[in-house]
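Following: one structure in structure tokens, then a few remarks.
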Amino acid sequence: MTIKTVGVVGCGLMGSGIAQVCAASGYKTIVREVGDVVLQKGLGRVKKFLDDGVAKGKVAPEARDTTLANLSGTTTFEALKDCDLIIEAIVENLDEKRQIYAGLETVVGAHTIFLSNTSSLCITELAASTKRPDKFGGLHFFNPVPIMKLVEVIRALTTSDETYQTVFAFAQSLGKEPITAPDRPGFIVNRLLVPYLLDAIRAYENGLGTLEDIDKGMKLGCGYPMGPFTLLDFVGLDTTYYIANIMFEEFREPAYAPPPLLKRMVLAGRMGRKSGRGFYSYEK
Ligand SMILES: NC(=O)c1ccc[n+]([C@@H]2O[C@H](COP(=O)([O-])OP(=O)(O)OC[C@H]3O[C@@H](n4cnc5c(N)ncnc54)[C@H](O)[C@@H]3O)[C@@H](O)[C@H]2O)c1
3 MTIKTVGVVG CGLMGSGIAQ VCAASGYKTI VREVGDVVLQ KGLGRVKKFL
53 DDGVAKGKVA PEARDTTLAN LSGTTTFEAL KDCDLIIEAI VENLDEKRQI
103 YAGLETVVGA HTIFLSNTSS LCITELAAST KRPDKFGGLH FFNPVPIMKL
153 VEVIRALTTS DETYQTVFAF AQSLGKEPIT APDRPGFIVN RLLVPYLLDA
203 IRAYENGLGT LEDIDKGMKL GCGYPMGPFT LLDFVGLDTT YYIANIMFEE
253 FREPAYAPPP LLKRMVLAGR MGRKSGRGFY SYEK
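Residue numbers for the sequence shown, in this note's numbering: 3 to 286.
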């Protein structure tokens, strides 16, 4: 199946990056938001990323112009009617996502593939809520999308071979390195990363060392680009807590249980970088 026109629903942190890489790869890309203010904010993020890239000599001015020419925004479903493939990247909420698929189904053709960028929801459950469970899958990008090479391609129990192959090839056409991940909470990367991060919190609670020493240990001793607490503050403690709860609910294994300190930090509003304070302080 040939993909020419791509729809992206949600132009937040992930959706704007996804729309940018699709447009940069030559696809006519239309991104939908709930309102004009959020839409312009998301499109502005794309423009700023590209302008900064040009200023630093990392993006050719022609590439920026072509990307922006391929990209348009909308607040309607109607504008997505000719899309061959639509990537949903709205808030991590099952009901909201279901409503999006129902809205899209009133305008798109029977051939259109639906993909979700969900981090933790069950792809088979999302697929089952549509009239096209065979043309549904997960495409999990990593933040920041224009920079991170990896994407996880997730097959629902119902995804057809043709859909899976089209999506895998589509991910490659974006210049990404796709891997095939199972429809299990955390897919591959978070399945291994989240228990490691939770373990670091438990170890800290048990007095293993200071935050700085544990971070330094893992960075310099294992060659990780950053230590677990720096990474937790980047990811967001609320997001980590949310994912850990979903994984624990599914697997019922202690490794996925959120440590008491994580819960309390979230309750206290210490979400990491985005709230100005997490394990470290970012307040100026
Ligand atoms: N943040 C990450 O690191 C990350 C990584 C991989 C996957 N994800 C997943 O990507 C998705 C989006 O996450 P995010 O971090 O970009 O969130 P975000 O809050 O930055 O963006 C979500 C956007 O969706 C918009 N939105 C909400 N309802 C909508 C609707 N009905 N129609 C159109 N737009 C709508 C919101 O206005 C918002 O701009 C979630 O499913 C999340 O789990 C996030």
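Idealized CB from N, CA, C, for every residue including glycine.
No experiment lies behind these values; they were computed from the predicted model shown.
Contacts around residue i, its chain only, beta-carbon distance under 6 Å, and the 5 residues preceding and following it disregarded
i	result
residue 63	56
residue 252	187
residue 170	155, 180
residue 136	160, 162
residue 29	8
residue 168	3
residue 166	157
residue 332	This structure does not reach residue 332, given that the chain is present from 3 up to 286, and the question cannot be answered.
Own chain, CB closer than 8 Å to residue i, minus 5 neighbours either side, in chain order
i	result
residue 164	3
residue 88	8, 9, 10, 11, 82, 106, 110, 114, 115, 116, 117
residue 196	188, 242, 245, 246, 249, 258
residue 86	3, 4, 5, 6, 7, 8, 113, 114, 115
Alpha carbon of residue i to alpha carbon of residue j, nearest angstrom
i	j	result
residue 175	residue 5	10 Å
residue 186	residue 81	33 Å
residue 213	residue 121	27 Å
residue 46	residue 146	15 Å
residue 74	residue 180	26 Å
residue 236	residue 139	27 Å
residue 38	residue 111	26 Å
residue 79	residue 41	14 Å
residue 148	residue 204	33 Å
residue 127	residue 215	42 Å
residue 15	residue 107	25 Å
residue 315	residue 141	What is shown of the chain runs 3 to 286, which leaves residue 315 out entirely.
residue 125	residue 13	21 Å
residue 250	residue 58	44 Å
residue 200	residue 123	20 Å
residue 103	residue 240	26 Å
residue 226	residue 198	12 Å
residue 50	residue 93	23 Å
residue 223	residue 217	10 Å
residue 65	residue 43	21 Å
Distance CB(residue i)-CB(residue j) smaller than 8 Å
i	j	result
residue 21	residue 7	no
residue 91	residue 9	no
residue 157	residue 131	no
residue 261	residue 207	yes
residue 134	residue 77	no
residue 19	residue 143	yes
Check: residue i C-beta below 7 Å from any heavy atom of ligand 1
i	result
residue 275	no
residue 144	yes
residue 94	yes
residue 255	no
residue 73	no
residue 210	no
residue 191	no
residue 285	no
residue 268	no
residue 114	no
residue 289	Residue coverage of the chain in this structure runs from 3 to 286, which leaves residue 289 outside it and unanswerable.
residue 134	no
residue 119	yes
residue 91	yes
residue 5	no
residue 35	yes
residue 1	Since the first residue of the chain shown is 3 and the last is 286, residue 1 is not available in this structure.
Cβ-heavy atom distance, residue i to ligand 2, below 7 Å
i	result
residue 12	With respect to ligand 2, the structure offers nothing, as its ligand set consists of ligand 1.
Chain-order list of residues whose beta-carbon lies under 7 Å from that of residue i (same chain, five-residue window excluded)
i	result
residue 279	272, 285
residue 281	213, 231, 234, 235
residue 275	235, 236, 284
Cβ of residue i within 8 Å of any chain C Cβ
i	result
residue 67	This model lacks chain C altogether; it includes just one protein chain.
Between the region 18 to 36 and the region 63 to 78, do at least 3 Cβ pairs fall closer than 8 Å? yes
Would the region 189 to 205 count as touching the region 144 to 155 if we require 3 or more Cβ pairs under 8 Å? yes
Okay, do the region 224 to 233 and the region 243 to 263 touch, 3+ Cβ pairs below 8 Å being the bar? no
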